[in-house]
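K.L.:
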Amino acid sequence: MTVKKLLYKERKGITMDTIHDKKLIIYGMGKLFRKYKQHILWDNVIACTDKTISTPELYDNNIPVIPLQEISKKYFDYIVIFVDEYFENIRVNLMGYYDIPEDKMISWRVFFNKSPRVSYEMVDFLKNYIKETRVKKLLDVGMRELPNFFICRQQLEKDTFVEIDGIGECGFPLYGNLYHHIYHSFNQVRSKYDMLFLDENFEEYLSWNDILEAAPKYIIWGVPYLFQFKKSHTELIQKSEEFWINKKYRLPDKIMYVFEKKSDVRLCDCKIFVVTHKKYNVKHDLMYQPICVGNQYQNKEYLNEHLGENIAYLNDRINECTALYWMWRNGESEYIGLNHYRRYFYNNRIKHSENYLSIETVSEIFESDYDIILPEAIVLSRTLLDNIAAGVGEELRNQGLEIVQHLIKRMHPDYMDAFEYAMNGHLLYMCNMFVTHRRILNQYCEWLFSFLIDGAELLDVSSCDSQGKRTMGYFAETLWTVWLLKQKLRIFELPIVSV
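In this note's numbering, the protein residues as written are 3 to 501.
(1) Quick one: residues in its chain with C-beta nearer than 7 Å to the C-beta of I352, no 5 flanking neighbours on either side, listed in chain order?
(2) What number of angstroms, rounded off, separates the C-alpha of L9 from the C-alpha of E59?
(3) Of the residues W210, L200, E171, D167, which one's Cα is nearest the Cα of R192?
(4) For Y282, which residues from the same chain have a beta carbon less than 8 Å from its beta carbon, with the 5 sequence-adjacent residues on both sides left out?
(5) Going by DSSP, what residue range makes up the beta strand (DSSP E) through A314?
(6) Can you tell me whether G470 is helix, strand or coil according to DSSP?
(7) Considering just the uninterrupted stretch of the alpha helix (DSSP H) at Y2, what are its terminal residues?
(8) May I have the straight-line CA-CA distance separating D23 from L340, to the nearest angstrom?
(9) Kindly confirm or deny that the segment 135 to 150 and the segment 185 to 201 touch, where touching means at least three C-beta pairs closer than 8 Å.
(10) Is the segment 269 to 277 close to the segment 357 to 367, with three or more CB pairs under 8 Å?
(11) Taking contact to mean 3 or more Cβ pairs, one atom from each stretch, closer than 8 Å, check whether the segment 408 to 426 and the segment 465 to 473 are in contact.
(12) Report the CB separation of S109 from D318 in whole angstroms; it is logged as a contact under 8 Å.
(13) Work out the CA separation of N349 and H183 for me, nearest whole Å.
(14) When you compare each of L443, M474, H235, Y476 to Q489 by their alpha carbons, which one comes out closest?
(15) Cβ of F436 within 8 Å of Cβ of I374?
(16) Taking 8 Å as the cut-off, decide whether the C-beta atoms of N179 and I221 are in contact.
(17) Sort Y327, Y372, H439 by Cα distance to E448 and report the nearest one.
(18) DSSP puts T363 in a beta bridge; with which residues?
(19) Three-state secondary structure (DSSP) at Y423?
(20) Do you know whose CA, among K76, K280, P175, lies nearest G2's CA?
(21) Under DSSP, the alpha helix (DSSP H) around I2 begins and ends at which residues?
Written as structure tokens, this is what we have:
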């Protein structure tokens, strides 16, 4: 029985030789699913799911429709995502909440072998990457992708200021409007390039020795999902690890292998604590250290705020600040930071899970004499005081304000001007997220916890719901902004994951 017979009705152009006899779960039952469902024969589909499904039900042909939490109980080979716009967010949530391996998720385009001639996501990725890394000279090896999207070099240069040369078949005379120089072989190349952009068959024009000779700072190589790697492709990835940091960005219809030249900057001693109060597949490596807070969830592989010097009993009132206290009292690294289980810093504006803040970026930032990494400051439509009231109500906001004002006035009267300025303003460094030197963390925590613990204990929230109990936590989130107003620190802002 052929794959086409198993999975699809007869439809010109649809082949799935590489997903033969696989067990599949369909994610997403919206417009895309409804548009293409008639082209699927359901022999290999074991279930459908969607974020809107709360109770199990049956679809056509008795295919079970299951809530997302039931996925882990099923044996499957692939989850096919019938969504385009939020593909990356869905991928991250499936990996995080349900521990789905990233290589078990494919887009509907891969499923139907319907990758477009022009991958808009790939081109956007390339433009953003060039812009963020400030690439000035790029060599397009193969010249198969960019001419499908750009005609004139000004279309790309107006955003990136990059100069593009190409190796490959010229195709049409019009290509001269896109490429400054077009070569037929690498032997003709006389320039040095910041970036090589390789197509899937780059070895027609370029060998590994040629790549070493070119010595680019960045290499980007786009390949289709389920790509059949040749020996030369595997060698590229293996050999590159000596000189480049390898990353793999999964887009809806392409996998972008990115090789970044290793920096000469000495890697700093840094721990970023990832605060979690629930089961989630959080980032965990030499720099990222998960820590469980509260009483709802524990993981023996993670740190536990109940061990060591702590104020864990206040977690339901001041949220991640109990983890901050634990880090201050028990952490030992030279540089220290705080993230949340679903919120991380990005290295730059390329917002993809493969681009979470790295030790290399942290080291380069502090090597450049910055004092602290913070989320990009946001400007709220209402004042910080009004924002707190929107979360917990005016009565609790006013009670909390009276307590915090009294404590700051008593303990740190020189901060009252900054407190009033910040609370009546619109600017906020949110989520208590940061990375900084231990010396600076010590200064902030000595100031913060000199009154925050008393404030949390003084505010009576015994009859409040879970949101109301967090009133002092809302105030605590604003206090980074208050404290920073009185410091002469060099701040480096980075975007964070939006949830």
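For glycine and all other residues, C-beta sits at the position ideal for the given N, C-alpha and C.
P.N.:
Taking the geometry as given:
(1) Within the sequence shown, residue 352 is the residue found at index 350, counting from 1. Hits under 7 Å: N130, Y131, E134.
(2) The residue given as residue 9 occupies position 7 in the sequence shown. The residue given as residue 59 occupies position 57 in the sequence shown. Unreliable placement is indicated for L9, whose pLDDT of 34 sits below 50; no coordinate value is reported for it.
(3) Sequence index remark: in the sequence shown, residue 192 carries index 190 (1-based). Selected option, being the one with the closest Cα: D167.
(4) Here the question's residue 282 lines up with position 280 in the sequence shown. Excluding positions up to five away in sequence, the list reads G98, Y99, Y343, R344.
(5) Against the sequence shown, residue 314 aligns to sequence position 312. From DSSP, A314 is part of no beta strand (DSSP E); its letter is neither H nor E.
(6) The count along the sequence shown starts at 1 and reaches residue 470 at position 468. G470 falls in the helix class under three-state DSSP.
(7) Summary: the structure shown does not reach residue 2, with the chain confined to residues 3 through 501, and so no result is reported for it.
(8) Position 21 of the sequence shown, counted from the start, is the residue given in the question as residue 23. Position 338 of the sequence shown, counted from the start, is the residue given in the question as residue 340. The alpha-carbon atoms of D23 and L340 are separated by roughly 45 Å.
(9) Yes, the segment 135 to 150 is in contact with the segment 185 to 201.
(10) The segment 269 to 277 vs the segment 357 to 367: in contact.
(11) With the rule of 3 Cβ pairs closer than 8 Å, the segment 408 to 426 does not count as touching the segment 465 to 473.
(12) For this step, residue 109 is matched to residue 107 along the sequence shown. For this step, residue 318 is matched to residue 316 along the sequence shown. That belief does not hold up - the Cβ atoms of S109 and D318 are roughly 40 Å apart, past 8 Å.
(13) Here residue 183 refers to the residue found at position 181 when the sequence shown is read from its first residue. Here residue 349 refers to the residue found at position 347 when the sequence shown is read from its first residue. Annotation: H183 to N349 spans about 32 Å, alpha carbon to alpha carbon.
(14) As a first step, residue 489 is located in the sequence shown; it is residue number 487 there, counting from the start. Ranked by Cα distance from Q489, the options L443, M474, H235, Y476 are led by L443.
(15) Sequence index remark: in the sequence shown, residue 436 carries index 434 (1-based). Sequence index remark: in the sequence shown, residue 374 carries index 372 (1-based). Yes. Within cutoff.
(16) If you number the sequence shown from 1, residue 179 lands on position 177. If you number the sequence shown from 1, residue 221 lands on position 219. The Cβ atoms of N179 and I221 do not sit closer than 8 Å to each other.
(17) Stepping through the sequence shown from its first residue, residue 448 is reached at position 446. It is Y327.
(18) One-based indexing of the sequence shown puts residue 363 at position 361. According to DSSP, T363 bridges with nothing at all.
(19) Here residue 423 corresponds to residue number 421 of the sequence shown, with the count starting at 1. Helix, per DSSP.
(20) Residue 2 falls outside the range modelled here, since the chain spans only 3 to 501, and no answer is possible.
(21) The first residue shown for the chain is 3 and the last is 501, placing residue 2 beyond what the model contains.
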